[in-house]
Every structure is written in C-alpha cells, then in structure tokens.
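Notes follow once the structure below has been shown.
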Amino acid sequence: MNMKGLIQSPCSSSSSPSAFLRPPCLTSASRDSKFPLLLPQAICTSQRIYQCSGVHMEACHNSYLSKHCMVARFSSGWSETQSLFPKQSLKKSLLPPGVLVTSKSQDVSNAPIVGDDKIGVLLLNLGGPETLEDVQPFLFNLFADPDIIRLPRLFCFLQKPLAQFISVLRAPKSKEGYASIGGGSPLRRITDAQAEELRNFLWEKNVPADVYVGMRYWHPFTEEAIEQIKRDGITKLVVLPLYPQFSISTSGSSLRLLESIFREDEYLVNMQHTVIPSWYQRKGYIKAMADLIEKELINFDCPEQVMIFFSAHGVPLAYVEEAGDPYKAEMEECVDLIMEELEKRKITNACTLAYQSRVGPVEWLKPYTDETIIELGQKGVNSLLAVPISFVSEHIETLEEIDVEYKELALKSGIKTWGRVPALGCEPTFISDLADAVIESLPYVGAMAVSNLEARQVPLYWR
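Counting from 424, one number per residue, gives the positions in the sequence shown under the working numbering.
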C-alpha cells in the first residue's frame, strides 16, 4: 500500500512530510447515485435546517453552516423536499444558529420549551448480547436487518433463513470474543447509565424529562421502549441516536424501524416528536473528545511525537460511493474539528483515520485499521494513540478488537508504545452537551419527524 494514501485523507494528494497532518478536504456521495439511500429528507450534516411557522428553507443558510456541509451541497433531496405547508417569506431572525429543526410547523418564537407537555427522550443504540447464550440470537437479529444485508426484492423471503445460517456460522467465534471481555457486552449497562445521567442534566437545566433506551438488535428493543413511552403518556419526544455520525447501517436502520412503528400506531402519529440524526459537530462533543485525547497523551514519554490514530467502524464502500451515505464525509469532518480543537491547545500531533471491523468479501471504506497499523510500523512510527471515534460506549469493538487484536498487531509491527482513548461513556461535558441538544430541539418539535424518512434500496453487503 502506498504510504501517502495511508497517512493522509484519501482525497489528499500531497506527498510532503505534512501528509501526516489532517487535510481539510472531504469527499461526498454522488448525487446521481443509482442506489438511493435511507436518509432523513433535507438533512444537513451540520444540523442546521430551518422550517418554522409554515416556512420551508430550500438551501443552506451560509452564516450558520460549516464549509464542509456535504449534504447541503450534494444531496438532490435538499431542494426537492416538499414542505407540509405553503411557502412563505422567511424571517431569518427567527432562526438561531446551532438549532436542528425538526415535520409539522409551529410558531417557535413564542413556543414554551416545556409548558404542560410531558417530555421524553429516546436514545437509540445497537444493543449487544449480555450473556454468551445471547450471542447467536443477537447475530440473527443483526443479519435479519435488511439495512445490514440487503437482498434483491425477489429474494427477500431468504432474509431470515440467510440470517439464521450466518448467525450459526459466526456464533462460535463471536462467543470467544465476548468471553474475552467478561462474557457479554457492557453496552446496555453503559447506555442505561448515560440515560440516567442525561436525565439528571436535563432536570438540572429545568427540563423535567424521562429518558428511554431503545436498542436495535437486543433488549431493551426499540419496541419495548416505545411501549413504555406510551404508558408514561409522553406528549413530546426527542429521538436521539447515540451515533455521532449518520450512517445507513446505524442511525438509518434505527430510524427506519422507528418510522414503521410510528406509521402503525395512532398514538405515535399524533405525538409531537423530533429527530436529531447526527451531532458530531457539536462543540461539547468535540471538546469532550479533545479532553480525553489530551489526557491520554500526557501518559507518553514524548507526547508530541505520538501519532493520533482515529479508528472508526467501517461500512461497505458501496454505501458511500453508490448509495450516497454521508458517513465518510461526516467522519472526516469530525476528525477535522477535533484536531482543530487540539490545535487551539497547542497540540499539533500528526493524525490519521482508518476503518475497522470489516467482514465479508466486499470492499469496505479504506484505509483499513489493521493494514494501516502495519504500514505505520514499517514507516517508523514509534508511538500510537488509538481513538475510537465512532463509539460513545465501550463494547466488543473497543475492548477486544482495539485493546487486544490491534494492540498486539501494533507491537508486532514495530510500534513501541501503544495507548487508547476511552469511549466517552458518561463523561460530563459530553452528557451535558447532549442535554443541551435536546433542549435546543424542543421548541422545534415536529419539523424532523420520522415520517420524513425515505426507505429506499441500497446494495447488498455483508457485515
């Protein structure tokens, strides 16, 4: 592999020593993709869309948007989304920066944040097996998801038989991995703790809200969380996927499921709700990530010589190049923002971004984490600090894949010193910022409803 393409962003062409430094360029999905994807309509990756008082804005408002607003630039859906109300003149003074608007309009200028409403927050996450006996049924649920393995329409009847075959085949190896980290995933425990801390922060900020956890592939399932939300009589709901960056296979899958649940339930159809599809650009999140990196760097003998190694969960390349998944662009911008925050603190270490956890015969996003580690060792990098950039909780991809497999590979490849930044977990700056995101979205409840999602065909791939 060419080292130039490894250490830089894939879209950078520089071969100078500064290639170790992050480049500003990003890539984007083709707007002429033959595989449309599941994306919230008119979603700007910078989380600034404005639709209020019956007004629908059909383009980015430049004063509020990052220069890297990829969906705003390239998504044909941006200007073609239909407003639920007649278009009117837009009063930009009503549109504060940093707000994610959500699908029914309301007069937000005088709307109380809470009032008599009963507020709920639904955290969406992947889920994970809590015991070794859970591993095979968890894998079945994973591979039975058409956003994970997409079959041609004529062969949809094979989805569950194929999921059963793959889950049985992969279960023994997966059980070994989970056994090595204590016999199960800690994801539920950590997510429950995050939910409790988020609730505490909301109450401290004078927003009494109940927080619920809905997992995609294991208990507590999203359906279970929705039933509890209905029993509790929630009247305003904020849906918050715990994935900083949007992808078809993570937030997209969870929101597609939620859309199907809402469509079939009259109570949910009439409940005001909003979706925060991604939040990787929020200042609190960026600060929390930079804080953790800075804290870990001081554990090295020569902190300034450490390569900061961002490792993100990969997705098949076809999702980005053919389906238009914004995941890669959002991930690269996220790394940009974290490094900019570190530079403000006089931390100017070299960095690189790679993608882990690929499975199956198809090509995934490159560079791959394992190949990158080997190349860095051959290049003479002595110290590496791994940053799990797409994970906000510890689970098998961090505790086993990064901490065991990649650490061992790094030491064998000539890297002398290895460190790893912990996942955010319940880090106070992070959770407080999530609370702020929820509060900021409340006056705009209704503008980004799950009914705005479009479920379209994406390519078959194996994960």
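Every residue gets a Cβ at the ideal spot worked out from N, C-alpha and C, and that includes glycine.
Cβ shell of residue 670 (< 7 Å), same chain only, five flanking positions each side left out: Listed in chain order, the non-local C-beta contacts of residue 670 below 7 Å within the same chain comprise 738, 748, 750, local neighbours out to five positions each way being set aside.
Buried or exposed by the 16-neighbour rule on C-beta atoms within 10 Å, applied to residue 716: Label assigned to residue 716: buried.
Beta-carbon spacing of residue 657, residue 694 below 9 Å: The Cβ-Cβ distance between residue 657 and residue 694 falls below 9 Å.
DSSP bridge partner residues for residue 548 (one or two, in chain order): When beta bridges are read from the DSSP output, residue 548 appears opposite 638.
Below-9 Å beta-carbon distance, residue 721 vs any chain C residue: No chain C is present in this structure, which holds just one protein chain.
Neighbour-count burial assignment, residue 797, 16 or more Cβ in a 10 Å radius: So residue 797 counts as buried.
Whole-Å CB distance - residue 586 paired with residue 561, under 8 Å assumed: About 11 Å separates the CB atoms of residue 586 and residue 561; that is not less than 8 Å, and the two are not in contact.
Inter-stretch contact at 8 Å, needing at least 3 Cβ pairs: the stretch 645-662 / the stretch 619-626: The stretch 619-626 and the stretch 645-662 do not touch, with fewer than three beta-carbon pairs separated by less than 8 Å.
Whole-Å CB distance - residue 733 paired with residue 771, under 8 Å assumed: Here residue 733 is actually not in contact with residue 771; their C-beta atoms are around 16 Å apart, not less than 8 Å.
Beta strand (DSSP E) segment containing residue 735, residue limits: Counted as a single uninterrupted DSSP element, the beta strand (DSSP E) harbouring residue 735 occupies residues 730-736.
Test item: CB-CB of residue 707 and residue 857 under 9 Å: Going by C-beta atoms, residue 707 is nearer than 9 Å to residue 857.
Residue 410 versus 792, 805, 851, 836, residue with shortest Cα-Cα distance: Nothing can be reported for residue 410, as the shown portion of the chain is limited to 424 through 886.
Three-state secondary structure assigned by DSSP to residue 574: Shown here, residue 574 sits in coil according to DSSP, grouped into three states, outside any helix or strand.
Buried/exposed call for residue 556, threshold 16 Cβ in 10 Å: Exposed, since its Cβ has fewer than 16 Cβ neighbours within 10 Å.
Residue 626 burial status per 10 Å Cβ neighbour count (16 or more: buried): Exposed.
Three-pair Cβ contact test at 8 Å for the stretch 800-808 versus the stretch 834-846: They touch, by the three-pair rule.
Check whether residue 538 and residue 633 have beta carbons under 9 Å apart: No, they are not a contact pair.
Residue 577, buried or exposed, once every other Cβ within 10 Å from all chains shown has been counted against 16: Classification for residue 577: exposed.
Neighbour-count burial assignment, residue 548, 16 or more Cβ in a 10 Å radius: By the 10 Å Cβ count, residue 548 comes out buried.
Distance cut-off 8 Å: residue 837 Cβ against heavy atoms of the ligand MN: Judged by which ligands are present, the structure shown has none, so any question about the ligand MN falls away.
With 16 other Cβ atoms within 10 Å as the buried cut-off, status of residue 821: Taking all protein chains in view, the Cβ of residue 821 is crowded by 16 or more other Cβ atoms within 10 Å, so the residue is classified as buried.
Status (buried if at least 16 other CB within 10 Å, exposed otherwise) for residue 757: Under a 10 Å Cβ-count criterion, residue 757 is classified as buried, with 16 or more other Cβ atoms of the shown protein chains found around its own Cβ.
3 or more residues per run - each beta strand (DSSP E) lying fully within the stretch 597-680: Segments of the beta strand (DSSP E) lying fully in the stretch 597-680: 632-638, 659-664.
Beta-bridge partners of residue 774, as assigned by DSSP: In DSSP, residue 774 forms a bridge with 731.
Chain-order list of residues whose beta-carbon lies under 6 Å from that of residue 673 (same chain, five-residue window excluded): Cβ neighbours of residue 673 beyond the five flanking positions: 666.
Simplified DSSP assignment, three categories, for residue 867: Helix, per DSSP.
In DSSP terms, what residue 559 is bridged to: Per DSSP, none; premise fails for residue 559.
First through last residue of the beta strand (DSSP E) which encompasses residue 889: Residue 889 lies beyond the stretch modelled for the chain, which goes from 424 to 886, so this question has no answer here.
Unbroken beta strand (DSSP E) run spanning residue 807, endpoints: Segment 806-811, the beta strand (DSSP E) holding residue 807.
Local Cβ density within 10 Å of residue 867, reported as buried at 16 or more and exposed below that: By the neighbour-count criterion, in which 16 or more other beta carbons inside 10 Å mark a residue as buried, residue 867 falls on the buried side.
With 16 other Cβ atoms within 10 Å as the buried cut-off, status of residue 721: With fewer than 16 other Cβ atoms from the protein chains shown falling within 10 Å of its own Cβ, residue 721 counts as exposed.
Classification of residue 598 by the beta-carbon crowding that lies within 10 angstroms, buried from 16 upward: By the neighbour-count rule (16 or more Cβ atoms within 10 Å), residue 598 is buried.
Bridge-paired residues (DSSP) for residue 787: DSSP output for residue 787 lists 739 as bridge partner(s).
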